[in-house]
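Visitor: First, the structure itself, so that you have it in front of you.
4 protein chains.
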Amino acid sequence: MPDADWDSRITKVEPNHLVTKGYRQEDLIGRVPYTHVVYLLLKGELPSPEHGRMMDAIITASIDHGVTPPSAQAARTVYTGGVPVPTAIAAGIMAVGDAHGGAIEQAMEMLQHYVKMSDEEEKSFEALAPQVIQDLKDQGRRVPGLGHRVHTNDPRTTRLFQLAEELGVAGKHTALFKAIQAEVGKKRELPINVDGAIAAVASDMGFEPRLGKAFFVLGRVAGLTAHVFEEHKDFKRMRKLFKVNVGYNGPEERDLPAEYLE
Amino acid sequence: MPDADWDSRITKVEPNHLVTKGYRQEDLIGRVPYTHVVYLLLKGELPSPEHGRMMDAIITASIDHGVTPPSAQAARTVYTGGVPVPTAIAAGIMAVGDAHGGAIEQAMEMLQHYVKMSDEEEKSFEALAPQVIQDLKDQGRRVPGLGHRVHTNDPRTTRLFQLAEELGVAGKHTALFKAIQAEVGKKRELPINVDGAIAAVASDMGFEPRLGKAFFVLGRVAGLTAHVFEEHKDFKRMRKLFKVNVGYNGPEERDLPAEYLE
Amino acid sequence: MPDADWDSRITKVEPNHLVTKGYRQEDLIGRVPYTHVVYLLLKGELPSPEHGRMMDAIITASIDHGVTPPSAQAARTVYTGGVPVPTAIAAGIMAVGDAHGGAIEQAMEMLQHYVKMSDEEEKSFEALAPQVIQDLKDQGRRVPGLGHRVHTNDPRTTRLFQLAEELGVAGKHTALFKAIQAEVGKKRELPINVDGAIAAVASDMGFEPRLGKAFFVLGRVAGLTAHVFEEHKDFKRMRKLFKVNVGYNGPEERDLPAEYLE
Amino acid sequence: MPDADWDSRITKVEPNHLVTKGYRQEDLIGRVPYTHVVYLLLKGELPSPEHGRMMDAIITASIDHGVTPPSAQAARTVYTGGVPVPTAIAAGIMAVGDAHGGAIEQAMEMLQHYVKMSDEEEKSFEALAPQVIQDLKDQGRRVPGLGHRVHTNDPRTTRLFQLAEELGVAGKHTALFKAIQAEVGKKRELPINVDGAIAAVASDMGFEPRLGKAFFVLGRVAGLTAHVFEEHKDFKRMRKLFKVNVGYNGPEERDLPAEYLE
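Below, the structure written as structure tokens:
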């Protein structure tokens, strides 16, 4: 459009003609797997077979963690209010924040920053790892992507790293993270969690940190849909989802000041 | 858990052990395509190869429609306020409602209702089609899933129906919808749109109507992520996304009543 | 604007000049109480002193119900994910639906429908009440706005009705609801809950049913803000807000079918 | 509750008895203005008459800015998708972020930090103002709360500052902000916008910065409700709200690579 107000690189919309990142949608549908189309949307090009398979694995790795995380609890809670399915799914996605899924972005920033430093300063990852930990400590932070509330050895991490090796996708960022983990492990054994594994592999695939929470959302939307649908099928609205055993420690009961009384 | 307050059929969460619909997550990751895992989450069983491929096609068919639909506009608009990526994606998903993507659910209800009636009353789809249209008309409604603001011949519909035939997935619901379209077409040519095509094929695959909007969300989340990421990379916050040329036709300017003035 | 694409009746925005429903915002600020400005926004005119005070009471009546309702739980749950304050407040508002706060809209529709019928058919409310209950029963519904999970005698209802009488606001819709409650009470004592009281009084003030959920939102936003702020100040992110004692009753653990294994 | 899992200071919920911050809700309703109850919820005590009136003014000052801000556009856009009123209002609130309403929080942080420094170092505001500007400049930031897209002299600011003087609420934070504005004004005349004015006055009232966006939300929810209701009454779903004149500058149209073709 010569007189367009601004341009978008995503989809050209014309009557009976939809072109996404250059490809006609009718060509993509049923021929290119959905997760490869996601890669296309975020990178602008279709993935190599290895990147395509890794992308699918990354998204599948976030698919669900039962009723334990805030996102699943929020989606189910909102649905009990009697709202449409997308509203409830959206509430679950809104819980994805700095403390829930956010470690992907934070770990991507860390890994990409220090891999670059390693390249520039010709420092080995083993030599760099103590500095990474010290730098974070100086900022009052822990290593993002290490440790988990439930798992001491996250099966999703093991699988993602194994697949990344098999496919030849694993590179510097994965190696650096393992060096950092080893350094931390001298004091206390902590697993790389699924957020950390996604961060490492996605960085090796050339993705930007700002997409970190999006990877999580792209997979978890499936689990959230299942939670909302189960709530729809098996349970009543306004049921008591959780035991809420909350006390009151506010001010003692009191009368209104005289000026408010008629 | 013998003393659980309630049960969920989705994921068993134990330390270092995540089992979704019976399958260990480390087995699913990188082996079963993501969209087949979505099918597993919603149906409880892995799809046949034909259903798996059709499921992937359905989700890919909803991936994006440029900056024209409310969902994309909402996601980009919210992002310009300076919020996290998931909040903006969620705002886009919230726009999926009865008028935007909702035709899937409505068409699934229609098709499943009248296919059942056809079975019970041994009536052909051709004989039933005029009744469907009349029933909707009596309720003041149009046929859901017919017609599009932009397309007279939606390329996604053509592709989905072609694939459903190829894979042997197309069944009674698709046949009924084509009969309804033919009947409507006697007066006015109207295409089955992508919502209608998804409704027909998903009904032939045995999905329930209440999942209609969810199919749309599961695919569109990818396009919304791309819109938000493009907004992040290429544009400034609080930019004027759209030309807003809105007048004021409220009450004329006036003074407050005297009692409010000191 | 002579060439405006469409018109809005709400606010005229010009440089250094903001006119809402005819009044300059600098005149409204600090002179007209906020809840009276809300009335102005929804009705187009400032309220009489009686309507103004009643409007304030209606909004205050929805202010908070502790950590028991889905809205408060959703807001707190989403905030623990590590998101901005408005995202968490919004999640709480999204839980306001047909089953949570929705009785206001449903009761307004009921009351306005049958008060009109009473006028047209010159039927007394006592004579009409059994018909209302029967009509709802025929639709498989209960009387909206009756009964509460916690209260047998909702103190907010008592206060709203008392004030409506004092101010001369109480009219036909309140009278009809009391007649319906009395009729129901012949079988089972059920209180008019706060949703029902708001529905009756707001109908007597001439508001439309579609605003029902909005009244609830306009007050509850204050409580939700307090919950989110308390979560911010007194608690950690990703804390376990609620005891989640959920079992798994999905398929037994199983191996992937052979075709997925390499 | 002796065995409560945790305590909340907000509302004690017992059958037929609701106590918020020590006051029975039936005492508050219709006696204490809603905005004073908001103050109670956020501070724990009812306001003095001066603080009560100022609080009402602050909330009213955020009530609406027509269809120009992202929040109003998001709420209306989401509503056109055919969703419940609260979902649409929530989408508007989600647009309140670092770039839209966020200046309140940022300005509160700035003012409270430097007022404290002024107290500790016994430095006058005039002496401190250049340092504030320099510090922000060193961080690559501008003064939050200065300047507006539409107004060179925001009528809401003028009114809020006038009222704060009249009521004796204006204090050190307001004085510091005026000193900063004067210093900036030596180079370029920039108005304190409504966000800045709220930040100054709310800081003088002893509120914490983290509540900044909440003040905006507490008022704007009224305008958003009006926008959604107007959309409901006067317009059709899926209407084209805004002229979307967006071009496509992605990859040229192309065929799928051979390996994807059957």
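Quick note, the sequences are listed as chains A, B, C and D, same order.
Throughout the first sequence, residue numbering follows this note's numbering, covering 1 to 262 in sequence.
Throughout the second sequence, residue numbering follows this note's numbering, covering 263 to 524 in sequence.
Throughout the third sequence, residue numbering follows this note's numbering, covering 525 to 786 in sequence.
Throughout the fourth sequence, residue numbering follows this note's numbering, covering 787 to 1048 in sequence.
By construction, the Cβ of each residue, glycine as well, lies at the ideal position given by its N, Cα and C atoms.
1) What span of residues does the beta strand (DSSP E) with HIS959(D) cover, start to end?
2) Verify whether the separation of the beta carbon atoms of VAL217(A) and VAL96(A) is less than 8 angstroms.
3) Thinking C-beta only, is ALA889(D) closer than 8 angstroms to GLY838(D)?
4) Taking only beta-carbon atoms, is SER532(C) less than 8 angstroms away from chain B?
5) Kindly give me the distance between the Cβ atoms of SER333(B) and ARG501(B), rounded to whole angstroms, as I take these residues to be in contact under 8 angstroms.
6) On a Cα-Cα basis, can you pick out the residue from LEU814(D), GLU1017(D), LEU997(D), LYS1022(D) that is closest to HIS756(C)?
7) Comparing C-alpha positions only, which one of GLY409(B), ILE442(B), VAL508(B), VAL340(B) sits nearest to GLY363(B)?
8) Relative to chain B, which residues along the segment 761-784 of chain C have a C-beta separation below 9 angstroms, given in chain order?
9) Quick one: which chain D residues come within Cβ less than 8 angstroms of LYS21(A)?
10) Within 8 angstroms (strictly less), CB to CB, does MET729(C) reach chain D?
11) Within 8 angstroms (strictly less), CB to CB, does ILE716(C) reach chain D?
12) I want to see whether chain D comes within less than 8 angstroms of LYS137(A), judged by CB atoms only; does it?
13) Between the C-alpha atoms of ALA861(D) and PRO608(C), what's the straight-line distance to the nearest angstrom?
14) If you draw a straight line from the alpha carbon of GLU969(D) to that of MET841(D), how long is it in whole angstroms?
15) So VAL67(A) and TRP792(D) are supposed to be a Cβ contact under 8 angstroms. How far apart are they, rounded?
16) Per DSSP, which one or two residues make a beta bridge with LEU804(D)?
17) Would a C-beta distance cut-off of 8 angstroms place ILE849(D) and VAL561(C) closer than the cut-off?
18) Compare the beta carbon distance of ILE460(B) and ILE320(B) with 8 angstroms and say whether it is the shorter of the two.
19) How about THR584(C) and LEU826(D): do their beta carbons lie closer than 8 angstroms?
20) Give a yes or no on whether the C-beta atoms belonging to GLY605(C) and ALA99(A) are separated by under 8 angstroms.
21) Is there a Cβ from chain A that is less than 8 angstroms from the Cβ of LYS999(D)?
22) Find the residues of chain C that neighbour ASP360(B), judging by a C-beta separation of less than 9 angstroms, and give them in chain order.
23) I'd like the list of long-range same chain contacts for VAL980(D), defined as Cβ closer than 6 angstroms, with 5 residues on each side in sequence excluded.
24) So is PHE177(A) in contact with chain B if we call contact Cβ pairs under 8 angstroms?
25) So GLY664(C) is in the beta strand (DSSP E); what residue range does that whole segment cover?
26) At a Cβ cut of 7 angstroms, what residues of the segment 64-77 of chain A count as close to chain B, listed as they run along the chain?
27) Roughly how far, in whole angstroms, is the beta-carbon of THR559(C) from the beta-carbon of TYR820(D), given that I think they are within contact range, below 8 angstroms?
28) Report the residues of the segment 741-753 of chain C with a CB closer than 9 angstroms to any CB of chain B, ordered along the chain.
29) Using a Cβ cut-off of 8 angstroms, which residues of the segment 402-426 of chain B contact any Cβ in chain A, in chain order?
30) Quick test of the definition: if touching needs 3 or more C-beta pairs under 8 angstroms, does the segment 695-705 of chain C touch the segment 646-660 of chain C?
31) Give me the chain A residues within the contact set of GLY626(C), using Cβ-Cβ distance strictly less than 7 angstroms, ordered along the chain.
32) Consult DSSP for VAL768(C) and reduce its assignment to one of helix, strand or coil.
33) If you measure from the beta carbon of ALA881(D) to each beta carbon in chain B, is any gap under 8 angstroms?
34) Specify, as a first and last residue, the run of the beta strand (DSSP E) that ASP531(C) falls within.
35) Based on Cα-Cα distance, which residue from LYS283(B), ASP400(B), ASP265(B), THR487(B) lies nearest to GLU776(C)?
36) List the residues of chain B whose Cβ lies closer than 9 angstroms to the Cβ of LYS536(C), in chain order.
Guide: Checking against the coordinates, here is how it stands:
1) Within the fourth sequence, residue 959(D) is the residue found at index 173, counting from 1. Taken as a continuous stretch (DSSP letters only), HIS959(D) belongs to no beta strand (DSSP E), being part of the alpha helix (DSSP H) at 958-971.
2) As a first step, residue 217(A) is located in the first sequence; it is residue number 217 there, counting from the start. As a first step, residue 96(A) is located in the first sequence; it is residue number 96 there, counting from the start. A contact, by the Cβ cut-off of 8 angstroms.
3) Position 52 of the fourth sequence, counting from 1, holds the residue named residue 838(D). Position 103 of the fourth sequence, counting from 1, holds the residue named residue 889(D). It is not a contact, given that the beta carbons lie outside the stated cut-off.
4) Taking the first residue of the third sequence as 1, we reach residue 532(C) at position 8. At least one chain B Cβ lies under 8 angstroms of SER532(C).
5) Numbered from its first residue, the second sequence carries residue 333(B) at position 71. Numbered from its first residue, the second sequence carries residue 501(B) at position 239. Incorrect: roughly 19 angstroms between the Cβ atoms, too far for contact.
6) In the third sequence, residue 756(C) corresponds to position 232, counting from 1. The residue with the shortest Cα to Cα distance from HIS756(C) is LEU997(D).
7) Taking the second sequence and counting its residues from 1, one reaches residue 363(B) at position 101. Here the closest residue by C-alpha is GLY409(B).
8) LYS767, VAL768, ASN769, VAL770, GLY771, TYR772, ASN773, GLY774, PRO775, GLU776, GLU777, ARG778, ASP779, LEU780, PRO781, GLU783, TYR784
9) By one-based count along the first sequence, residue 21(A) stands at place 21. Within chain D, the residues near LYS21(A) are GLY1036, PRO1037.
10) Translated into positions along the third sequence, residue 729(C) becomes position 205. No, because no Cβ of chain D sits closer than 8 angstroms to the Cβ of MET729(C).
11) Looking up residue 716(C) in the third sequence gives position 192. Chain D, which has no Cβ nearer than 8 angstroms to the Cβ of ILE716(C), makes this no.
12) Counted from its first residue, the first sequence places residue 137(A) at position 137. No, because no Cβ of chain D sits closer than 8 angstroms to the Cβ of LYS137(A).
13) For the purposes of this step, residue 861(D) is identified with residue 75 of the fourth sequence, where counting begins at 1. For the purposes of this step, residue 608(C) is identified with residue 84 of the third sequence, where counting begins at 1. When rounded, the distance between both Cα atoms is 18 angstroms.
14) Taking the first residue of the fourth sequence as 1, we reach residue 969(D) at position 183. Taking the first residue of the fourth sequence as 1, we reach residue 841(D) at position 55. Taking the straight line from one Cα to the other gives about 29 angstroms.
15) What you label residue 67(A) is simply residue 67 of the first sequence in a count that begins at 1. What you label residue 792(D) is simply residue 6 of the fourth sequence in a count that begins at 1. Incorrect: roughly 19 angstroms between the Cβ atoms, too far for contact.
16) Position 18 of the fourth sequence, counting from 1, holds the residue named residue 804(D). The partner list for LEU804(D) (beta bridge, DSSP) reads VAL799(D).
17) On the fourth sequence, position 63 is the one that residue 849(D) refers to. On the third sequence, position 37 is the one that residue 561(C) refers to. Cβ distance < 8 angstroms, so ILE849(D) and VAL561(C) count as in contact.
18) As a position in the second sequence, residue 460(B) is number 198, starting the count at 1. As a position in the second sequence, residue 320(B) is number 58, starting the count at 1. Here ILE460(B) is near ILE320(B), since their CB atoms are less than 8 angstroms apart.
19) Residue numbering aside, residue 584(C) sits at position 60 when the third sequence is read from its first letter. Residue numbering aside, residue 826(D) sits at position 40 when the fourth sequence is read from its first letter. Not a contact, by the Cβ cut-off of 8 angstroms.
20) The sequence position of residue 605(C) within the third sequence is 81, counting from 1. The sequence position of residue 99(A) within the first sequence is 99, counting from 1. Closer than 8 angstroms, so yes.
21) Taking the first residue of the fourth sequence as 1, we reach residue 999(D) at position 213. With 8 angstroms as the cut-off, LYS999(D) does not count as an interface residue toward chain A.
22) Position 98 of the second sequence, counting from 1, holds the residue named residue 360(B). The contacting residues do not exist; ASP360(B) stays about 14 angstroms from chain C at best.
23) Taking the fourth sequence and counting its residues from 1, the one referred to as residue 980(D) is at position 194. ALA847, ASP940, ARG942, THR943.
24) Looking up residue 177(A) in the first sequence gives position 177. Chain B contact via Cβ: absent.
25) Position 140 of the third sequence, counted from the first residue, corresponds to residue 664(C). Unbroken run through GLY664(C): none, as it is neither H nor E.
26) ASP64, HIS65, GLY66, VAL67, THR68
27) Reading the third sequence from its first residue, position 35 is the one you call residue 559(C). Reading the fourth sequence from its first residue, position 34 is the one you call residue 820(D). Right, their Cβ atoms sit about 5 angstroms apart.
28) Going along the segment 741-753 of chain C in chain order, one finds no residue with a Cβ nearer than 9 angstroms to chain B.
29) VAL412, HIS413, THR414, ASN415, ASP416, PRO417, ARG418, THR420, ARG421, LEU422, LEU425
30) yes
31) For the purposes of this step, residue 626(C) is identified with residue 102 of the third sequence, where counting begins at 1. Think of a sphere of 7 angstroms around the beta carbon of GLY626(C): the chain A residues whose beta carbon falls inside it are GLY82, in chain order.
32) What you label residue 768(C) is simply residue 244 of the third sequence in a count that begins at 1. The answer is coil: DSSP assigns VAL768(C) none of H, G, I, E or B.
33) As a first step, residue 881(D) is located in the fourth sequence; it is residue number 95 there, counting from the start. Closer than 8 angstroms: yes.
34) For the purposes of this step, residue 531(C) is taken as the residue at position 7 of the third sequence. Per DSSP, ASP531(C) belongs to the beta strand (DSSP E) from 530-532.
35) If you number the third sequence from 1, residue 776(C) lands on position 252. Taking only the C-alpha atoms, the option nearest GLU776(C) is LYS283(B).
36) For this step, residue 536(C) is matched to residue 12 along the third sequence. Near LYS536(C) (Cβ distances below 9 angstroms), the residues of chain B are GLY509, TYR510, GLY512, GLU515.
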